[in-house]
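In our numbering, the protein residues as written are 79 to 483. For each residue, glycine too, the CB sits at the ideal point set by N, CA and C. What you are looking at is a predicted structure, and each value in this text was computed from that prediction instead of being measured. Data first, discussion second: the structure below is written as C-alpha cells.
In C-alpha cells:
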C-alpha cells in the first residue's frame, strides 16, 4: 500500500509545496492527505457541557491469563477489521513487548469501553494485546504464532515460541499483571469519545476515526472498509490514500454522512459527534438503503475521476502541474454533489472544462478557508457544498448554451 503512495507522491513533484501540512502514517511518514486545521486557536474543547458524574472509569488490575480468557470467550472486541492491528507492529516490535513481560518490565495500561453485554471494546492497546495473544494463544486472534526475534537482552530466546519456554516462564507470562481502565457502560457516548481522545497514550495517538471504529461496531465498520477498498475509490484518489490510520474510511463516512443528512440540516456543534451518529445511522440502514448509498458512492467516484482527472478532490490553481494532497472537506463536497446529479448531467460534465472553473473558485478566499480551516463549522460546511453545487450547475448551463449555438 505504501509503495503505491510513494509512486503517486513521486509523480510530478508531489508535496514539493510548503503550503500544505499533511497527515502521517503510523510510522511517521507523510501521506497524500492534507491535514485539517482547527480554527485560529487550537484547543481541545468540550462543545457541550456534561456532568463529571457521568464519567465512570473503573481501573482494574488483572492478569494476562484473564485477558486471554476474555478473548477466548468473545468478551473482548479487538475490532477484527481494525487495520492497525496487523502488519503495523513488526514481529521484532511484538517480540520486544514479550521480552519486557519476561523481564517483568511494566507495560502501558489498556483502555476499554464496556458494552451492554459486559464485553470490552479495546480502544487503546489493540496491538499490545494482539502481540501477547499471538505469542501465548495465537488461535484466540486467528493469527500465526509469534516466534521471538530481534530481542535486545534475552538473545538466547531468539526463535523461541511459547511452547519452548520453561513452565516457570510460561506461568510468569500468564500471571503478569496489567492495568485496564474500563469506561463503564452508561457513560454518554459523546463523553466517552472525548475521554478516549484525551487519554489514549499509545506511541501514535489514535485518530478520531480509529476511536469511532473501536467504539461503534456493526454494519458501518464493514461497509466503510468495503467502499474504501473499491477500485473506484482508489482510482479517483490516485491510489494515494494510505489507510493505516483509517483516513480512507473517514472519507467514505463523510460522504455517507452528508448523503444521509443534508449539509443545510447539519447543525452547529461537534463534527466528530456528527460522524459518530452517521455510523449509527449506517448500522440502522436496511439492505436496500445501504445498496443505494454504495451505488451512489461508486458513481460519484467514477464521475470525479472523469471530470477532474488527476486533480480530483485536491486544491488546484490555474496551470498547476503538481498535485496537491487530497483534501477531505473537498472530497465530501465534490462527491456528494456529484452523487446528487442524474446520469445525463454527469455525462455532460465530462465534456466540459470544470477544472478550469474550479481553479477560479479556489481564488475565493472564503471558499478556500471553508475547505482548510475549521471545516466542521456549519457555515463553512454550507459554503463549500453550495459553492461546488453552483460550480457544477454553471458548468452544465454553459455546456448546454454552447451545445445550442
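query                                                                                                           : result
Sub-8 Å separation of residue 302 and residue 332 beta-carbons                                                  : no
Any 3 or more C-beta pairs closer than 8 Å across the region 386-394 and the region 432-448                     : yes
For residue 330 and residue 361, the rounded distance between their alpha carbons                               : 15 Å
Option nearest residue 446 by Cα separation, candidates 431, 432, 463, 430                                      : 463
Closest residue to residue 465 among 155, 441, 175, 346 (Cα-Cα distance)                                        : 441
Whether residue 284 touches residue 350 by CB criterion (8 Å)                                                   : no
Runs of alpha helix (DSSP H) lying entirely within the region 135-221, each at least 4 residues, in chain order : 142-150, 169-180, 204-214
Beta-carbon proximity check, residue 449 vs residue 408, cutoff 8 Å                                             : yes
Complete alpha helix (DSSP H) runs within the region 245-313 (minimum length 4 residues, chain order)           : 245-252, 267-277, 286-293, 297-306
Cutoff 8 Å; reference residue 254; Cβ partners in own chain excluding five residues on either side              : 141, 142, 179, 182
Span of the beta strand (DSSP E), counted from its first residue to its last, around residue 412                : Per DSSP, residue 412 belongs to no beta strand (DSSP E); it is in the alpha helix (DSSP H), 406-417.
Sub-8 Å separation of residue 371 and residue 290 beta-carbons                                                  : no
Span of the beta strand (DSSP E), counted from its first residue to its last, around residue 111                : 108-112
7 Å Cβ shell around residue 383 - same chain, five flanking residues per side excluded                          : 313, 314, 390
Residues sharing a beta bridge with residue 392, DSSP                                                           : 404
Beta bridge counterpart(s) of residue 115 as assigned by DSSP                                                   : 451
Three-state secondary structure (DSSP) of residue 230                                                           : coil
Rounded C-alpha distance that separates residue 224 from residue 207                                            : 13 Å
Where residue 443 sits in the DSSP three-state scheme                                                           : helix
Three-state secondary structure (DSSP) of residue 374                                                           : helix
Helix, strand or coil at residue 355 according to DSSP, with G and I counted as helix                           : helix
Residue range of the alpha helix (DSSP H) that includes residue 330                                             : 325-338
Alpha-carbon spacing of residue 386 relative to residue 432, whole angstroms                                    : 7 Å
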